[in-house]
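Quick note: the sequence shown uses full-length UniProt numbering, first residue 1, plus one each step.
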Amino acid sequence: NMSTTSSGTAHASPDKRSPCTRGKTMRDFEEELSELKRENFDLKMRIYIMEEQQDLFQGVENIDEIYHINTSLKKEVEELRKQVSDKDDLILKAGDAMNLLVNKHKEEVSLIRVQAQQEVDSYKERLDILQQELLDFRDKSLMYSQHSKLDESSVMFTLPFTLSSENKSLEISNYEKIFLGLTSQVNELECELKEKNKQLEDAFKTIEKLNREVISLKEMENNLRSEIVSKGGTINLLENEMAEKDMDIQALQNRITAYETKVNEHAEKDQTAQEEQLLTDELQKLQLEKEQSNYQKLKSKYDSTRQQNDELSNQIVELHKKLNELQVELQNRGAINMDLHQQLEILKTRNTDLQEEARMLKVVSDGEMECGQPASTSAGGGTSRKLAQVTTQLQQVLQKLHHKELELVETKNEHLKNLVQLQKVIKQNKSLTKDIENMKVSMEQREHHANVELGRGEKLNNHWNALVNSLLFRN
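Pasting the structure below:
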């Protein structure tokens, strides 16, 4: 660490390597002193950990097997980390693919908008041409009505035109019926659009509800993570306390060896049995009190941490249930959105049929204008008004369909966002369950270690009893 930091500072500021040009300031000395203190603390911690490991492995059998298990566990941890990184990469790739799909969908929607605007402009141009032709037709009919005084030959000449004008009036009445049918269809389409609006509002409300549930689940997840962090701190404290207890046991062993030497000295010097008995009683009392207090403390802390871990696991199970319910509801919302999309497609087909009928009416009116047959002014004015009404209704239907397409795109985007949030929540829940399982495994290992230490204490107690009995028998 010291070499890397010094080299990094050398590359970063070359002026520090030239003491002739520039001297070190107090800040530089303070930084070097803090780095040295940090390295000293790291070295002391490493020495302390190495001494603890040596103390732990002094009276342990099968050390090679323990080292082998440790290496295998490290390999498993590395494999799990690699799997986690691979899954993270897959999730990122899936997110990129979803973004590409969303962008493609936006491009398609913009293209459809441009095409719809072009169609509306073309319809407007056609309507303007049709209105101009109707005005010309009206002027011609007025000119024809001014020539009222005609001779017999002109009357005979205009007779077929009057018959054709009657036929035109019949055709106009038929057109009026067609217009009435078109207006009824437009009204039906407006009613259906109102129903679709209501369904879209309901869908938006459900999406807001799901968003609130996702936010609450995220809060629960953050709370669980904070609890796990606090439990990890308590576990570290327990580990430190166990290390302290190991040191206390080692100190007791040292005291026991010292007392053994004293007992041997007393035996060699032929001291009385009463003094030896008092010494051994004191040793046994100290050892048993220490071991019982340590065992009670470890057991109480272990029970409390185990109970808290069980509560965390129960909370995670409830969270999984809520997530499953949320996924089912999102699937139902997706089916409803598909339904709305199909109904909008039906509305589009009806709109195209209506536009086709309007085009046929225009073709018929163009045919009338080409024939040059005059008609009554009132009939021409009614036809122009109805065509204008149909065009305005068509424009309104196009605008409503455009609005509905925008709302459908927004609902799809919200649906995709909810799916992404669900994937994140599921991933975080998996990590939580994995952390809790690791905590359970570590607690089981600590429990096993505590049982081993208790067994060692019992062995030492039996050894002291045998030693005392042998001393009493010798005296």
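Cβ atoms here follow ideal geometry from the backbone N, Cα and C, with glycine treated the same way.
{"Check": "Of the listed residues D281, Q250 and L347, nearest to E52 (C-alpha basis)", "Outcome": "Q250"}
{"Check": "Stretch pair the segment 299-310 + the segment 458-469: three plus CB contacts closer than 8 angstroms", "Outcome": "no"}
{"Check": "Beta-carbon spacing of V409, H105 below 9 angstroms", "Outcome": "yes"}
{"Check": "Alpha helix (DSSP H) runs wholly inside the segment 19-102, at least 4 long, in chain order", "Outcome": "26-56"}
{"Check": "Whole-Å CB distance - residue 488 paired with N337, under 8 angstroms assumed", "Outcome": "Outside the shown range of the chain (1 to 475) lies residue 488, about which nothing can therefore be said."}
{"Check": "Assigned exposure category for N70 - 16 Cβ within 10 Å defines buried", "Outcome": "exposed"}
{"Check": "Presumed contact (8 angstroms Cβ cut-off) between L323 and N429, rounded CB distance", "Outcome": "7 angstroms"}
{"Check": "Among K400, L361 and E414, the one whose alpha carbon lies nearest that of R333", "Outcome": "E414"}
{"Check": "Stretch-stretch touch, CB-based, cutoff 8 angstroms, three pairs: the segment 111-131 with the segment 391-408", "Outcome": "yes"}
{"Check": "Close beta carbons around L416, own chain, < 8 angstroms, minus the five adjacent residues each side", "Outcome": "M98 and V102"}
{"Check": "Reference T109, options M443, L401 and K427, closest by Cα", "Outcome": "In the sequence under discussion, the amino acid at residue 109 is Val, which differs from the Thr named in the question. Nearest C-alpha to V109: L401."}
{"Check": "Buried versus exposed call for M439 [16 or more other C-beta atoms within 10 Å across all chains shown]", "Outcome": "buried"}
{"Check": "Within 9 angstroms, strictly: CB atoms of G455 and E291", "Outcome": "no"}
{"Check": "Cβ neighbour criterion (16 or more within 10 Å) applied to L134", "Outcome": "buried"}
{"Check": "Span separating the alpha-carbon of M50 from that of K44", "Outcome": "10 angstroms"}
{"Check": "Buried/exposed call for Q118, threshold 16 Cβ in 10 Å", "Outcome": "exposed"}
{"Check": "Cα-Cα separation between L90 and R81, rounded to whole angstroms", "Outcome": "14 angstroms"}
{"Check": "Buried or exposed by the 16-neighbour rule on C-beta atoms within 10 Å, applied to L394", "Outcome": "buried"}
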